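Numbering (my numbering), first residue to last: 20 to 69.
Here is the structure:
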């Protein structure tokens, strides 16, 4: 995993963050960022919005 994506794995392990209507979209963006289809910055902003 690229070092820049470490924040997302730590964030995902915190169950209290897994609530809210934006959760699914944020997870999708994280998955796409890890696969190289979306920018890590975009995924990070989605997670911060949850």
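For glycine and all other residues, C-beta sits at the position ideal for the given N, C-alpha and C.
As the structure is a prediction and not an experimental result, all values here were calculated from the model.
Within its chain, find whatever has a CB closer than 8 Å to the CB of residue 33; leave out the 5 residues flanking it on each side and keep chain order. If we look at residue 33 and ignore the five residues flanking it on each side, it has no Cβ neighbours.
State the Cα-Cα distance for the pair residue 62 and residue 50, rounded to the nearest angstrom. 9 Å
Sorted by chain position, which residues of the same chain lie with C-beta nearer than 8 Å to residue 58's C-beta, five sequence neighbours on each side aside? 52
Which of helix, strand or coil DSSP assigns to residue 43: helix
Could you give the first and the last residue of the continuous alpha helix (DSSP H) run that contains residue 67? 59-67
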